[in-house]
Amino acid sequence: MEESLDKINYNALHNIAYNKIKGAIRDGRLRPGDTLRTRTLAKALGISSTPVRDALSRLIAQNVLDVDPRNRQAMVPELTKEILEDLYAVRLRIEPYGAELAAMNISETELAHVKKVLKELEELEKKGESPESLDKSEEYFFSIYRATGNMLLLHLIDNLWLRSSVILGLLLRPRPADFSIRKERQGLVTALENRDPKAASHYLEQIITRTRDMVFEVMASDAMLIKTKRRAARRKA
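In structure tokens, the structure reads:
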């Protein structure tokens, strides 16, 4: 009995460490290039090193984290345009297909849930972007992908989103004033209602493409800001 309780306690701590680290990457507290040290994280989380170490290993195996070749420590992957282009290229191949399958297979109950989640997402976004709105956005998309009935496809998309965790911090930063995918998200729901695979694929492709372009714009803006700050610092020196 004691051994069973120890296992439950360990699993709970492991999941806490895993979710806390992933959450810190998503909301930008851990940034690309940051090194993650087991003892430091364990102290910050108030738990022992073992579940933290195992959580880091799990995130590395899922390609959410990389291994720094200089010191073999876990690190948040560097965010380059080339990496993002590869990631979005794969997403653009796989996820529109998921929307097609969902349009053919979604049940009335699943469709009602998608509509409910979209309404909740739009209410959250009226208050501005937040970790809560990102979570709700993920729920919206995965409620569609689960409706495909294809568990292998769902697993592939889930892995892509895990790899995309580092991007999510960018989505919380100020966006271009003209950026919106509200029309496309609603169009996707209408396509699901109409059981129209082609339209569903089109709207999902538009959502990913517009978001990709916005992320690149935010990255370029960040790079310019960093250069400006460096020039200002050199002038002061």
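So in the working numbering, spot 39 of the sequence shown is number 41, and the numbers just go up one at a time.
For glycine and all other residues, C-beta sits at the position ideal for the given N, C-alpha and C.
The structure displayed is predicted, hence computed values, not measured ones.
Residue-level contact to chain D via CB, residue i, 8 Å cutoff
i      : result
LEU164 : Among the chains of the structure shown, chain D does not appear; only one protein chain is present.
CA nearest to the CA of residue i, picked from the options
i      : options                        : result
ALA101 : ALA76, GLN188, TRP163, ALA193  : ALA193
TYR205 : LEU94, LYS121, VAL217, GLY130  : LEU94
THR42  : GLY35, GLY30, ARG55, PRO34     : ARG55
ARG177 : GLU80, LYS128, VAL217          : VAL217
THR40  : LEU61, ARG197, PHE143          : LEU61
ALA222 : ARG175, ASP36, GLU131          : ARG175
LEU113 : LEU155, PHE144, SER182, GLU127 : PHE144
TYR20  : LEU86, GLU87, GLN64            : GLN64
ASP198 : MET106, LEU81, GLY30           : MET106
THR111 : ILE146, ASP160, SER59          : ILE146
PHE181 : ALA201, LEU154, ALA202, GLU127 : GLU127
Distance CB(residue i)-CB(residue j) smaller than 8 Å
i      : j      : result
LYS117 : VAL220 : no
ILE23  : ALA44  : no
LEU15  : ALA76  : no
ALA149 : ALA104 : yes
PRO98  : GLU195 : no
ILE96  : LEU158 : yes
ILE27  : LEU47  : no
VAL119 : TYR90  : no
THR131 : ARG184 : Strictly speaking, residue 131 in this sequence is Glu, with Thr absent from that position. No.
VAL92  : GLY35  : no
As assigned by DSSP and simplified to three states, the class of residue i
i      : result
ALA179 : coil
VAL66  : coil
LEU81  : coil
LEU120 : helix
MET226 : For MET226, the predicted structure reports a pLDDT of 41, less than 50, and the residue's modelled location is therefore unreliable. The matter cannot be settled from this model.
LEU38  : strand
Give a yes or no on contact between the stretch 49-56 and the stretch 67-74, applying the rule of three or more CB pairs nearer than 8 Å.
no
Three or more beta-carbon pairs under 8 Å between the stretch 128-140 and the stretch 163-175, yes or no?
-> yes
Are there three or more Cβ pairs, one per stretch, closer than 8 Å when the stretch 155-164 is compared with the stretch 209-217? no
Contained beta strand (DSSP E) runs [length at least 3] in the stretch 89-143, N- to C-terminal order
none
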